[in-house]
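S.K.: Take a look at this one; I'll ask things after.
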Amino acid sequence: MKITQLLQEDKVTLSLEVFPPKKDTAVEQVSRSVREIAALQPDFMSVTYGAGGGTSAYTVQLAQEIKAEYDVPSMAHLTCVSSTKETVKKQLECMQEAGIENVLALRGDIPADAEFPLPDQFHYAVELVRYIKQIAPEMCIGGACYPEGHPEAVSKAQDIQHIKEKVDAGCEFLTTQMFFDNNAFYSFMDKLEKADIDIPVHAGIMPVTAAKQLGTSVTLSGSSVPVEMSNMIAKYGENPEDMKKAGIEYAVNQILDLKKHGVAGVHIYSMNKADVTK
Numbered sequence: 536m537k538i539t540q541l542l543q544e545d546k547v548t549l550s551l552e553v554f555p556p557k558k559d560t561a562v563e564q565v566s567r568s569v570r571e572i573a574a575l576q577p578d579f580m581s582v583t584y585g586a587g588g589g590t591s592a593y594t595v596q597l598a599q600e601i602k603a604e605y606d607v608p609s610m611a612h613l614t615c616v617s618s619t620k621e622t623v624k625k626q627l628e629c630m631q632e633a634g635i636e637n638v639l640a641l642r643g644d645i646p647a648d649a650e651f652p653l654p655d656q657f658h659y660a661v662e663l664v665r666y667i668k669q670i671a672p673e674m675c676i677g678g679a680c681y682p683e684g685h686p687e688a689v690s691k692a693q694d695i696q697h698i699k700e701k702v703d704a705g706c707e708f709l710t711t712q713m714f715f716d717n718n719a720f721y722s723f724m725d726k727l728e729k730a731d732i733d734i735p736v737h738a739g740i741m742p743v744t745a746a747k748q749l750g751t752s753v754t755l756s757g758s759s760v761p762v763e764m765s766n767m768i769a770k771y772g773e774n775p776e777d778m779k780k781a782g783i784e785y786a787v788n789q790i791l792d793l794k795k796h797g798v799a800g801v802h803i804y805s806m807n808k809a810d811v812t813k
């Protein structure tokens with residue numbers, strides 16, 4: 536089922552994200568986590584592509600497994616930063632053969648030790664969106680966005696313009712990077728509306744269940760850390776069990792508030808943690 540069809544239903548869509556095993560020895564462990572998360576029957580699940588495409592070999596396989604074995608619609612991520620156009624084409628063909636109907640088109644993080652872009656690489660996600668529309672027009676295409684602005688954008692206005700370019704190219708829905716301040720999300724939605732961007736937006740939520748998670752999360756997402764979260768880390772950061780409970784409660788409160796404000800969908804960055812996701 537295409538995600539655009541799910542979004543036509545009169546409810547808040549819930550999606551959960553999982554990542555493939557980084558090495559062959561972790562396949563069984565990841566499969567167990569995915570099975571437990573799929574048992575929660577979300578509206579759909581997304582499967583990441585790995586930093587620099589590092590776990591891409593398993594992405595299609597896992598997305599196909601989620602759809603076929605657990606009867607949950609799936610979406611495969613596709614990043615282009617470390618791939619040639621030919622590699623992207625082959626990956627799209629694999630998705631089509633596997634019956635995957637949804638793809639999240641991403642540029643991906645630029646590797647620190649790699650030359651970018653090479654002559655046969657895409658520069659930006661919008662180029663990937665256009666290419667998917669050309670090669671696999673039947674695919675339902677999603678895109679990423681940053682509620683507080685892409686870290687590389689000159690300004691928030693420029694970032695909104697880039698989002699509009701992706702939508703005009705064929706992006707049908709958006710999923711935000713994780714954020715911890717709902718007011719930042721609401722402000723972002725206002726900016727989208729003023730720019731006449733009216734496709735559905737999934738709010739990305741990640742439960743911070745360990746203090747060390749926060750630094751990496753902020754670096755990747757460009758998100759600010761509200762006082763409430765800083766206080767939570769200060770109070771519970773040294774106690775793993777209490778920190779886990781507090782992090783889950785913080786995320787739950789975020790989601791309840793988002794639902795109250797009529798969000799189209801909530802996307803939980805599950806990190807393969809079935810217990811936290813439950």
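Quick note on the working numbering: the sequence shown kicks off at 536 and runs consecutively.
The C-beta atom is built at its ideal place from N, Cα and C for all residues, glycine as well.
1) Measuring straight from C-alpha to C-alpha, what distance separates SER591 and GLU628?
2) If we call anything under 8 Å between Cβ atoms a contact, is ILE538 one with PHE708?
3) Using the C-alpha atoms, what's the distance from ILE768 back to SER568?
4) Using only CA atoms, which one of ALA679, CYS680, LYS624 and LEU641 lies nearest to GLN669?
5) Thinking C-beta only, is SER758 closer than 8 Å to GLU683?
6) So, for MET536: in the same chain, excluding its five sequence neighbours on each side, which residues have a beta-carbon less than 6 Å away from its beta-carbon?
7) Do you know how far the Cα of ASN717 is from the Cα of ASP792?
8) Got a sec? Which residues, its chain only, sit under 7 Å from VAL801 by beta carbon, not counting five neighbours each side?
9) Out of SER805, ASP810 and VAL702, which has the shortest C-alpha to C-alpha gap to PHE554?
10) Can you tell which of ASP810, ALA692 and THR744 has the C-alpha that lies nearest to the C-alpha of TYR785?
11) Nearest CA to the CA of CYS680: which residue from TYR666, TYR659, GLY750 and PRO775?
12) Could you give the distance in angstroms between the alpha-carbon of ASN807 and the alpha-carbon of ILE572?
13) Helix, strand or coil: how does DSSP classify SER722 here?
14) Suppose the cutoff is 8 Å on Cβ atoms and the five residues either side in sequence are ignored; what does the same chain contact list for LYS779 look like?
15) Could you pull out every residue in the same chain whose Cβ sits closer than 6 Å to the Cβ of GLY782, ignoring the five residues on either side in sequence?
16) Alpha carbons only, please: which of THR614, HIS685, TYR584 and GLY634 is nearest the one belonging to GLN656?
17) Just confirm the distance between the C-beta atoms of GLY677 and MET630, as a whole number of angstroms; I'd bet it's less than 8 Å.
M.R.: For this structure:
1) 14 Å
2) yes
3) 27 Å
4) LYS624
5) yes
6) PRO608
7) 8 Å
8) VAL547, LEU549, HIS737, ALA738, ILE740, ILE790 and LEU793
9) SER805
10) THR744
11) TYR659
12) 8 Å
13) helix
14) THR744, ALA745 and VAL811
15) PRO742, VAL743 and THR744
16) THR614
17) Actually they do not touch by this definition, with Cβ atoms about 13 Å apart.
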